[in-house]
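Accompanying notes for the structure given below.
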Amino acid sequence: MKLRPFVLLLTTVTFAAHAGEAADSQWQANPTTLSTLLQDGYRIVSVIGEPHGKAGSVETFYLQRDQSAFKCVEQHAFEPKPRTPTALFGCFELVQPYTK
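Start counting the sequence shown at 6; every next residue gets the next number (this note's numbering).
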């Protein structure tokens, strides 16, 4: 079964969608890490895990501090041979959507 191209496509599509947030999106990409946010006083308020069968999983962490919020997405994919895990990670800050 050719699972590798599917996993690569899924990974590319997922992060391309997040990286290319529309100008009016309320989530803006941010280079920070989950660890940095926790050290800066943010707390995890929700975690959503979505398994993708044997192909991997996606976890979304929602963090909040006062009136500021972030979501961090961690995607795990497994290469069929030798079954090694790979991970992608990105954080997004909640912002006021841009309107014309």
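Ideal Cβ positions, reconstructed from N, Cα and C, are used throughout, including at glycine.
Coil, strand or helix - residue i by DSSP
i: T41; result: helix
i: E79; result: strand
i: S73; result: strand
i: E84; result: coil
i: P10; result: Per-residue confidence for P10 stands at a pLDDT of 40, beneath the threshold of 50, marking its modelled position as unreliable; no derived number is given.
With 16 other Cβ atoms within 10 Å as the buried cut-off, status of residue i
i: Y47; result: buried
i: G54; result: exposed
i: Q44; result: exposed
i: G58; result: exposed
DSSP beta-bridge partners of residue i
i: Q33; result: E98
Residue i and residue j closer than 8 Å at C-beta
i: V50; j: Y67; result: yes
i: F94; j: A34; result: no
i: F63; j: Q80; result: According to the sequence provided, residue 63 is Val. The question's Phe does not apply to it. Their beta carbons are under 8 Å apart, which means V63 touches Q80 by this criterion.
C-beta neighbour in chain C for residue i, strict 8 Å
i: T41; result: Among the chains of the structure shown, chain C does not appear; only one protein chain is present.
Pick out the complete alpha helix (DSSP H) segments inside the segment 42–71, 4 residues or longer, and give them in chain order.
Fully enclosed alpha helix (DSSP H) runs of 4 or longer: not present.
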